[in-house]
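Written below as C-alpha cells is the structure these notes are about.
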Amino acid sequence: MSATAELLKGAAEVFPDEVVTTAAVRHLELPGGAGRFALITLDNGFDHTKPTTFGPQSLTNLDAAIDQVAAEAEAGEIVGVGLTGKPFIFAVGADLKGVEVLKKREDALTIGVGGHEVFKRLAALPVPTFAYYNGAAMGGGVEVGLHCTYRTVSQSIAAFALPEVFLGLVPGWGGCTLLPNLIGADRAVTVIIENALNQNRMLSGQKVYEFGIADAIFEGADFLEQSLLWTSAVLRGEIEVARQDPDRGEAWDQAVARGRSIADEKVHGAAPAAYRALDIISQVRNGDLREGFAAEDEALADLIMGDELRSGLYAFNLVQRRAKRPAGAPDKSLARKVSKVGIVGAGLMASQLALLFVRRLEVPVVLTDIDQARVDKGVGWVHEQIDMQLLKGRINQDKANRLKAAVTGSLDKAEAFSDADFVIEAVFEEMGVKQQVFAELEAVVPEHAILATNTSSLSVTEMASKLKHPERVVGFHFFNPVAVLPLLEIVRAEQTDDASLATAFSVAKTLKKSAVLVKDAPAFVVNRILTRFMGAVLGSIDDGTPVEVADRALAPLGLPMSPVVLLDLVGPAVAHHVAGTLHSAYPDRFRTSENLGRVVEAGKRTFYVYDSGKPELDPEVAALFKVGDTVLTEEQVRDRALTAIAEEIGLMLDEGVVAEAQDIDLCLITGAGWPFHLGGITPYLDREGISERVVGRRFLPVGTASVPE
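In my numbering, the protein residues as written are 1068 to 1776.
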C-alpha cells in the first residue's frame, strides 16, 4: 500500500459515515483520430440534490483511478486523461461533516496532505490532463481541476467558487497556490477573498472563462461532446493554449494589500482565515508550488482546530439544514394554495414585497394605497425592477411581460382583494392604523384568506384582537432590503391556527426565504436583540463615552457594520420607535435615549456625514447631545453590550420566543448578516464565558460549534 493510501485509510477510520464518491474510468476514441482517451467521472450515486464531495474514501477512489490511468499512460495506451462529474455537478469540495468530527491536529493535517498527494498526481501524469467543469464546482472541486493541464467550463454553471474563507478555512488543496500562479494575484484575491467575504459570491461559467481559470467555454447542452472535440484539437496541435505569466512584481504586492483591506473591512481581524490565505498568496509569488502546498497544509490544520471554523460549520449547517426544516412549523399538508396576493400599501417596503411575490410565486399581485399617485408610484417601481432584470438578461421578454401584467394597483380594497388568498399589510407602524386596516380587510377578503402583517415590533395578537376570525392572522416580518436578507420571522399569535401558519411557511418556502417560527413577543428576535445591543452602546454615549470610542468597541467581533453605521442604515426614527415599543414592554432593560430622541425631533436621518469619504459625527448631531461624565473604554463598552445581549437571549429562551438557541443564531445570520465565524452569536458568548457569567449556563451543549472533546 502506498504512503498516500495508508494515510487516507487512517483518515477514513476517523470518518466512517462518509458519503463516498466513486471515480469510474472509461475509455473512448477521441474524434479526429487523436487517440484513446481515459475519462474519470466523479459520482456519489445520488442525483444533483446531493452534490459530490471528497472525504478520505472518496480521495482513495480517485487515487486508485489515477493508479490505473498512470499505468496506461506509462504503457502508451492512452493519449490523455479527463475528469468530469455527474449531471449538473462537478464536485463541491471536502465533505465538511468529516471536518466536524476531527479532534486532533494530526488528523486535520492528514486531510490537507491527503488531498494534495492525490491531486498532485494529476499534474505528474506523463500525458496531458483535462478538467471538464460540467456543473457546480466549489472548493476542492475547483482545486482538483487546477491540478490539470487544461480546463473547460460549461456556460450554464451558476455555482463556481472557492468559499473556504467564508467558512473559516483556506483553499487548502492547491487553491491559494495554483490560482494566483494561473490567473495572477489580483484575480485570485477576488475569487478567494473578496467573493468569499461577500456572502460567498459565485462565479458564472462566463466569468470563469474570462478570468482565465478555464481555457475554453461551451454550451451546457452538449458540453462534454464539445469539450472532447476541443481536447482532440489540442492534442493534435490544432489549438494552442496560450497563457500569460502573471505579473510577479509590484502588482502582486498590491493585490495582497487589496485583499488585506477587504478582510479588515469585513472581519476587522476577528477571524484568521482570510489573513492566512493572503499570507500563502504572498508566499507563492516566486512560483514555488511545493512551498505553497506545505503552507496550505499547515494553515488547514491550524484552522480546522480553531474556534472560528467550528462556528462557521455550525452556522453553515443552520443555514443549509435547519433553515430548510423550521422548528415548530405545522404539517405542510395543512397549507392552502395561494393563487393571488394582496398588499396594503405601495411605499418602498410594499413595492419590494410585490416584486418578491410576483417573481417567486408568479401569481397576480395587487397593491392598494390611499391615493392614485402612491399606487402608480409603487406599481411603476415594480415594473422598472422587472425591466432591469430583462436588461441584465436574467429573464426574457415574454416573462417580463407576464410579470409586469401580474402586478396591478387599486384604490378599492373590496375590488382588489375579493379573490385574494394571502393579503399582507405594510403600512405605518402604529397599532391603531394596523387594526383599522385589518378590520377593513376582514370585511372584503374570502373566508379562507390569510391576513399577514409585516410589523417589526408590535403585538400580532393585539392587532387581530378585534377581528371575528383572528385565527387567520399571522406575523410575516421581512428584513430590509427584502431581496438581500433571507430571514422571514413568522409570528404565531395567540389564536393563529395551524392551517394559516402552515400556509405562511409554504409561502415563505416558495419565496426562498429562511423562515423561523417566533412567539408573539415584543420585537420578536432580531430587532429585540439589536435594540438591546444598540441601547447598551447608545447608553454608553449618553453617559459620556465619545461616539467614536463606543462605535469602535464591537470591532473585534467582526460584525458587518459598527453600531452607529447600523443605526444610520435603520434610521434614527425607526430605531427610536422600536426602542420605545420595547421600553414600554420591558422598562427595566430597554431604555430610550433622550439624545436619539432629540436627533429624531430635529429631523436628522443619520449620525454620520461622509464629506471626507470616511464616517464622521455630524456637527449638528453632536450639538444636540447632552451627555454625562462617565467615559468608558472600548473594552468596557463591549462588555456592557455583550452582557446585555447574553441576558436578553437567556430571557428569550426562557420565554420560548424560539425553540432553541440555534434559532437565535439563524435569525442573526440571515436577518442581520452577523458573521459565520461567530456562529451567529451564542457560540461566541459560550466560548468567551459570557453566557455562563451572565445567565449561569451555556447556550449550546459542549462540543457544539467547538472542537469535540
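From the three backbone atoms N, C-alpha and C, an ideal C-beta is built for every residue, glycine too.
Under the three-state reduction of DSSP output, residue 1219 falls in the strand class. For residue 1544, the number of other beta carbons within 10 angstroms of its own is at least 16, and it is reported as buried. Note: residue 1475 is bridge-paired with 1433 in the DSSP secondary-structure output. Rounded to the nearest whole angstrom, the CA to CA distance from residue 1273 to residue 1634 is 39 Å. Note on geometry: alpha-carbon atoms of residue 1211 and residue 1236 lie some 17 Å from one another. In its chain, beyond the 5 residues on either side, 1140, 1145, 1146, 1147 and 1148 have a beta carbon closer than 7 Å to the beta carbon of residue 1194. The beta carbon of residue 1710 sits closer than 6 Å to those of 1761, all from its chain and outside the five residues before and after it, given in chain order.
Proximity to residue 1546 across 1533, 1567, 1520 and 1373 peaks at 1520, based on C-alpha coordinates.
Inclusion of residue 1109 and residue 1158 in the CB contact set at 7 Å is warranted, their separation being smaller than that value. For residue 1559, the pairing in a beta bridge is given by DSSP as 1586. DSSP places residue 1684 within a strand segment (E or B) once states are collapsed to three.
Less than 7 Å divides the Cβ of residue 1371 from the Cβ of residue 1175. Residue pairing for residue 1751: DSSP places it in no beta bridge.
DSSP places residue 1147 inside the beta strand (DSSP E), whose first and last residues are 1147-1152. Rounded to the nearest whole angstrom, the CA to CA distance from residue 1741 to residue 1456 is 29 Å. Straight through space, the alpha carbons of residue 1316 and residue 1350 are spaced by roughly 13 Å. Shown here for residue 1208: same chain residues with a beta carbon closer than 6 Å to its own, the five before and five after excluded, namely 1157, 1158, 1159 and 1160 in chain order. Contact between the region 1239-1247 and the region 1178-1189 is present: 3 or more CB-CB pairs across the two stretches fall below 8 Å. According to the DSSP assignment, residue 1712 belongs to the alpha helix (DSSP H) that extends over 1701-1722. Per the DSSP secondary-structure output, residue 1740 pairs with nothing in a beta bridge. Taking the Cα of residue 1396 as reference, the smallest distance to any Cα among 1284, 1576 and 1278 is reached at 1576. Under the criterion of beta carbons closer than 8 Å, residue 1179 and residue 1368 qualify as touching, at roughly 6 Å.
Per DSSP, the continuous beta strand (DSSP E) segment holding residue 1520 begins and ends at 1517-1520. Cα atoms of residue 1512 and residue 1701: separation of roughly 54 Å, rounded to the nearest angstrom.
Taking the C-beta atoms as reference points, residue 1413 is found nearer than 7 Å to residue 1445.
Counting only runs of at least 4 residues, the region 1083-1110 fully encloses no alpha helix (DSSP H) element at all.
When the five nearest sequence neighbours on each side are left out, the beta carbons in the same chain lying within less than 7 Å of the beta carbon of residue 1563 are those of 1538, 1540 and 1541, in order along the chain. When the five nearest sequence neighbours on each side are left out, the beta carbons in the same chain lying within less than 6 Å of the beta carbon of residue 1671 are those of 1688, in order along the chain. Residue 1549 sits close to residue 1423, with the two beta carbons spaced by under 7 Å. Residue range 1489-1492 is occupied by the beta strand (DSSP E) that includes residue 1492.
Here DSSP, grouped into helix, strand and coil, assigns residue 1674 to coil. In the structure shown, the three-state DSSP call for residue 1205 is strand.
A distance of 7 Å or more separates the beta carbons of residue 1587 and residue 1645.
Cα atoms of residue 1296 and residue 1302: separation of roughly 10 Å, rounded to the nearest angstrom. Within the region 1405-1473, the complete alpha helix (DSSP H) runs of at least 4 residues fall at 1415-1428, 1439-1458 and 1464-1473. The beta strand (DSSP E) runs of length 3 or more contained entirely in the region 1211-1296 are, from start to end of the chain, 1217-1221 and 1283-1285.
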